[in-house]
Amino acid sequence: MTKLALHRAAAHRTFLGPEFGTGERDGDEPQGLSYAQIIGDEKLAVLGRSVFAELREQFTASAQSGDAETDAETEYRKKLEGWADMLEILLEETLTELDNIGAGRREAAEDGALLQ
Amino acid sequence: MIDPTLPAPIFILAAPRSYSSLVSTMIGQHPALYGMPELNLFQCASVDEFNTGQNADGTPKSPFWKSLRHGLLRAVAEIYGGEQTPESIRMAERWLKVREEMSAAEVFEELCAAVAPQRVVEKSPAILRKLEYMQNMQAACPNARYIHLTRNPIDQGKSSLKATGGIGVLLGMNSVDHRGAAAALEPQILWHDSQVQILRFLDSVPDDHAITLRGEEVINDPDETLGALCRWRGVSDAPEAIAAMKAPETSPFARRGPINAPLGNDVNFLEAPEFRPGTVTIPDLDSPLPWRQDGAPLHSRVQALARDLGYGA
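First to last, the protein sequences are chains H and B. Residues in the first sequence are numbered consecutively from 459, following our numbering. Residues in the second sequence are numbered consecutively from 2, following our numbering.
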């Protein structure tokens, strides 16, 4: 009967990356790369451009094969568009009403000034 | 620290492309366990950090943070709303908004309590980026159990180069050979340094709180390996339980989520979540690497580490 145990591999506690030129020394964490570091380095920028181009292809293909909008998603999008239309109408009506109130108050103020 | 009377969670620690989506979902399908999608909570001190994607000093957590939120949104929608729909995801957003002053540990505790007596199973590969994140997890859950899930470095490297998005992870994690005239992706760096990061963390975990699990053994002999896993955690290893674990596609998180939170796991797994038992042969560790133009084998340190993790003689 199999019994699972922990392999501590105690001889392995330093990172490998520096041996491939990822940095000068072993650090506290594995060394990641930011977009700025990639495009700011001549060699990395060449690799980065080819990786980004391939990723664009991968995700475009994925989107075309399996990411078409489902009926539920269409229904939800239409519902959101309906809410957006309604909110736009409400916003327009509210702004118009505020304009009317403002105009009314200005008129009243002008009338009051004339009466004094 | 979460309530110690709650069932201690199980966290899976693995390098990318190491069967972690498949295996964690399989384990989470045991009737006594609850498999979460990738929550990515312990990379945040507070829920506000999770919501905004910004660290306390205002720096962004990750260029992909918006997608990294999907798992927790889907979990909240499923657990509290009983469904994953655009509306329940919006509910989950509000659920998180009103908890913005809570700590990540408090929210994790709330989720553990909501699914108890089932025990939470979770993996968030991005947690390997910093030891501090794993320490946050350990501080929140001192009784947690850990599975160090592995895959042999040659197959893991091939998979990293082939899977959708895999090369982006390699580049972002600086799994790059800088030594030649041109820089080239070198997946064995990510394999090695991910294992080292996990091993460094596990140095602070007692022997009986963690195991090493070779993913190939789950594929090659699921009944025996999953049975051993059940016995380790003290849950039933009855045939019905093992059968449930061999049906990961029945998890509510083993498919794309709604339009406003479609991910929460590796996109390759979400497209094809079924378990396909088979025979995985471990390649010779000193054979020429298929991705290297110079025909070099794995670095000697990678070979040595792989052997110490149970691969090869």
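We put the beta carbon where it would ideally sit given N, CA and C, even for glycine.
Residues near residue i in its chain [Cβ-Cβ closer than 6 Å; skip 5 each side]
i             : result
residue 275/B : 250
residue 218/B : 226
residue 155/B : 284
residue 480/H : 489
residue 238/B : 228, 231, 232
Residues of its chain near residue i, where Cβ-Cβ distance is below 7 Å and the 5 sequence neighbours each way are ignored
i             : result
residue 143/B : 2
residue 87/B  : 259, 260, 261
residue 1/B   : Nothing about residue 1/B can be read from this structure; chain B reaches only from 2 to 314.
residue 215/B : 151, 311
residue 171/B : 161, 186, 188, 191
residue 193/B : 302, 303, 306
residue 30/B  : 36, 245, 246, 248, 249, 251, 252
Alpha-carbon to alpha-carbon, residue j and residue i
i             : j             : result
residue 136/B : residue 487/H : 13 Å
residue 210/B : residue 11/B  : 9 Å
residue 1/B   : residue 302/B : Outside the displayed span of chain B (2 to 314) sits residue 1/B, for which this structure offers no information.
residue 35/B  : residue 277/B : 22 Å
residue 84/B  : residue 92/B  : 11 Å
residue 134/B : residue 252/B : 27 Å
residue 246/B : residue 504/H : 44 Å
residue 529/H : residue 106/B : 37 Å
residue 257/B : residue 272/B : 7 Å
residue 534/H : residue 167/B : 31 Å
residue 293/B : residue 20/B  : 23 Å
residue 108/B : residue 501/H : 44 Å
residue 45/B  : residue 567/H : 56 Å
residue 548/H : residue 558/H : 15 Å
residue 63/B  : residue 493/H : 11 Å
residue 174/B : residue 184/B : 14 Å
residue 498/H : residue 491/H : 11 Å
residue 308/B : residue 536/H : 56 Å
residue 466/H : residue 4/B   : 29 Å
residue 18/B  : residue 95/B  : 33 Å
residue 513/H : residue 169/B : 7 Å
residue 280/B : residue 296/B : 26 Å
residue 469/H : residue 222/B : 29 Å
Cross-strand partners of residue i (DSSP beta bridge)
i             : result
residue 122/B : 11/B, 36/B
residue 211/B : 147/B
residue 186/B : 177/B
residue 61/B  : 55/B
residue 492/H : Bridge partners of residue 492/H: none, in fact.
residue 47/B  : 104/B
Contacting residues, own chain, Cβ-Cβ under 8 Å from residue i (five flanking each side not counted)
i             : result
residue 9/B   : 120, 142, 144, 145, 146
residue 7/B   : 110, 113, 114, 117
residue 132/B : 198, 201, 202
residue 473/H : 484, 485, 488, 489
residue 33/B  : 118, 119, 120, 236, 237, 242
- [ ] Could you list the residues in the stretch 277–303 of chain B with a C-beta less than 9 Å from some C-beta on chain H, going in chain order?
- [x] 300, 302, 303
- [ ] Please confirm if the stretch 71–79 of chain B is in contact with the stretch 258–277 of chain B, defined as three or more CB-CB distances below 8 Å between the two stretches.
- [x] In short, these stretches touch, since the Cβ pair count reaches three.
- [ ] Determine which residues of the stretch 207–223 of chain B have a Cβ less than 9 Å from any Cβ of chain H, and write them out in chain order.
- [x] 208, 209, 210, 211, 212, 213, 214, 218, 222
Open item on the list: Under 8 Å: do the stretch 461–473 of chain H and the stretch 274–289 of chain B share three or more Cβ pairs, one atom per stretch?
Closed with: no
Task: Residues of the stretch 502–515 of chain H whose Cβ lies closer than 7 Å to any Cβ of chain B, in chain order - done: The residues in question are 502, 504, 505, 506, 509, 512, 513.
Task: Three or more C-beta pairs below 8 Å linking the stretch 548–563 of chain H and the stretch 102–117 of chain B - done: no
Open item on the list: Across the stretch 193–201 of chain B and the stretch 38–57 of chain B, are there enough close Cβ pairs to call them in contact, namely three or more that are closer than 8 Å?
Closed with: no
Open item on the list: Check whether the stretch 224–242 of chain B and the stretch 178–187 of chain B are in contact - that is, three or more C-beta pairs closer than 8 Å.
Closed with: no
- [ ] Indicate whether the contact test is met: 3 or more Cβ pairs, each with one atom in the stretch 118–134 of chain B and one in the stretch 28–42 of chain B, closer than 8 Å.
- [x] yes
- [ ] Can you give me, in chain order, the residues of the stretch 460–477 of chain H that have a beta carbon less than 9 Å from any beta carbon in chain B?
- [x] 460, 461, 462, 463, 464, 465, 466, 467, 468, 469, 470, 471, 472, 473, 474, 475, 477
- [ ] Output, in sequence order along the chain, the residues in the stretch 109–133 of chain B whose CB is closer than 9 Å to any CB in chain H.
- [x] Answer in chain order: 129, 130, 131, 132, 133.
- [ ] Closer than 7 Å, Cβ to Cβ, to anything on chain C: give me those residues from the stretch 226–257 of chain B, in chain order.
- [x] In the displayed structure, chain C is absent; the protein chains listed are H and B.
TODO: Report the residues of the stretch 135–167 of chain B with a CB closer than 8 Å to any CB of chain H, ordered along the chain.
DONE: 149, 165, 166
Task: the stretch 19–43 of chain B: positions lying closer than 9 Å to chain H by Cβ - done: Across the stretch 19–43 of chain B, no CB contact with chain H closer than 9 Å is found for any residue.
TODO: Please name the residues in the stretch 52–79 of chain B whose beta-carbon is closer than 9 Å to at least one beta-carbon of chain H, in chain order.
DONE: 64
Task: Residues of the stretch 547–561 of chain H whose Cβ lies closer than 8 Å to any Cβ of chain B, in chain order - done: Within the stretch 547–561 of chain H, no residue qualifies.
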